[in-house]
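S.K.: Residue numbers (my numbering): 13 to 397. In this text, a Cβ means the ideal position worked out from N, Cα and C, and glycines have one as well. None of these values were measured; they are calculated from a predicted model. The structure is given below, and queries will be raised subsequently.
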């Protein structure tokens, strides 16, 4: 009997040892799409992935990049919400998902934002790009340049709409990076999270287009606040979604799903998993003053040191380990120095493991001292002794 049990155990051991997967690396659940990811907005931490770097067509999720560049143009005052945009023949001819802009008509920048965010309008996307850059081609160059800046290593844009093109490719991971960048622009949040609205189109602005957000999570998932849907026969059903609860925001991406219903359910599954198991912890805010540093041969003897960016980490809700911050600062720096120069870093650790590093920077420009400054300091030192 004992020999029989041992033989069974041996057989089981052999079976397990040759299985084509590692049971310790199994995902907590499966999603339908060809690729998927769940990323923490604040820290960029990835907590779920499926084929995250597989190159796929993104359909209208492409327009996240259009919205990033449009938001930047708005914030820099290159464009304004009430600007009247003349609709070109090219923009009006886009087809696919559209709001039926008419060549020769005008629409405001704000109306174009609404059309892109809610209807996912191809014509509005091209009209916006043409208005910002001067032509569709020049705006496309801006999109690919921005993708490189965001470290979207596996992305190549061939158009502003996401209409089918076998060379127009990106990945779930790159889309999460792109979505994270868009959410940093608070100016666009009101349109991303808007459920319904309407705009006027046509040369005489006599046609009303009622807009309903193609992202159904905005209405049906608590805390949903973005980002963008997409669909073509080639790409399948795609969704980059975001939601916020308490102090935590997650970005989920589903690419190549079989139906709109399945992509929505899988997006909710990803978001639920994130919110149930993890929380965001804020350690420092951008601009927090950490210390001061001695300035050698400068017009000022000291400069304040501040945190370059928000420092946030994602931790499991049942994590009981201590989070420690190690601050490293140069003893002194020589003038001249510029605002934003790095003079140290904060290292965040948990159980000896480095979670992240963030730069510490100078808070202002400090010029090199001239002879008058030197004598002034000497005189001050003599008179105060």
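List, from N- to C-terminal side, the alpha helix (DSSP H) runs of 4 residues or more that fit wholly inside the stretch 253-292.
M.R.: 272-289
S.K.: Which same chain residues, not among the five before or five after residue 226, have their C-beta less than 6 Å away from its C-beta?
M.R.: The answer, listed in chain order, is 132 and 241.
S.K.: Within 10 Å of its beta-carbon, does residue 366 have 16 or more other beta-carbons around it, so buried, or fewer, so exposed?
M.R.: exposed
S.K.: Using the C-alpha atoms, what's the distance from residue 293 back to residue 38?
M.R.: Residue confidence is low: residue 38 scores 39 on pLDDT, short of 50, so the model does not pin down where it sits. Its coordinate-derived value is still stated next. About 27 Å.
S.K.: Return the Cβ separation of residue 54 and residue 261 in integer angstroms, given the expectation that the two are a contact with Cβ distance under 8 Å.
M.R.: 7 Å
S.K.: Below 8 Å, can you find three or more Cβ-Cβ pairs linking the stretch 215-223 to the stretch 187-197?
M.R.: no
S.K.: Quick one: what does DSSP say residue 110 is sitting in, helix, strand or coil?
M.R.: coil
S.K.: Using the rule of at least 16 other Cβ atoms within 10 Å of the residue's Cβ for burial, across every protein chain shown, is residue 148 buried or exposed?
M.R.: buried
S.K.: When DSSP labels each residue in this structure, what does residue 193 get in the three-state scheme?
M.R.: helix
S.K.: Just to check, is the beta-carbon of residue 224 closer than 8 Å to a non-hydrogen atom of the ligand GDP?
M.R.: This structure simply doesn't include the ligand GDP, nor any ligand for that matter.
S.K.: Determine the DSSP secondary structure at residue 36, reduced to helix, strand or coil.
M.R.: Low confidence applies to residue 36: its pLDDT is 26, below 50, so where it sits in the model is not reliable, and the reading given next is rough at best. Looking at residue 36 - three-state DSSP - the assignment turns out to be helix.
S.K.: When DSSP labels each residue in this structure, what does residue 344 get in the three-state scheme?
M.R.: strand
S.K.: Comparing alpha-carbon positions, which option in 322, 289 and 281 lies nearest residue 301?
M.R.: 322
S.K.: Let me make sure I understand the geometry here. Which of 43, 123, 61 and 304 has the alpha-carbon closest to that of residue 96?
M.R.: 123
S.K.: With a cut-off of 8 Å, do at least 3 Cβ pairs link the stretch 275-294 to the stretch 321-335?
M.R.: yes
S.K.: Leaving aside the five residues before and after residue 353 along the sequence, list all residues of the same chain whose C-beta is less than 7 Å from its C-beta, in chain order.
M.R.: Excluding sequence neighbours, residue 353 sits near 373 and 374.
S.K.: Let me know the secondary structure DSSP gives residue 30 once reduced to three states.
M.R.: Only weak support is given to the placement of residue 30: the predicted model assigns it a pLDDT of 33, under 50, and the value that follows is read from those uncertain coordinates. Correct three-state label for residue 30: helix.
S.K.: I need the straight-line Cα distance from residue 169 to residue 185, nearest angstrom please.
M.R.: 15 Å
S.K.: Would you list the one or two residues that DSSP bridges to residue 119?
M.R.: 97
S.K.: Output yes or no for whether 9 Å exceeds the beta carbon distance between residue 249 and residue 275.
M.R.: yes
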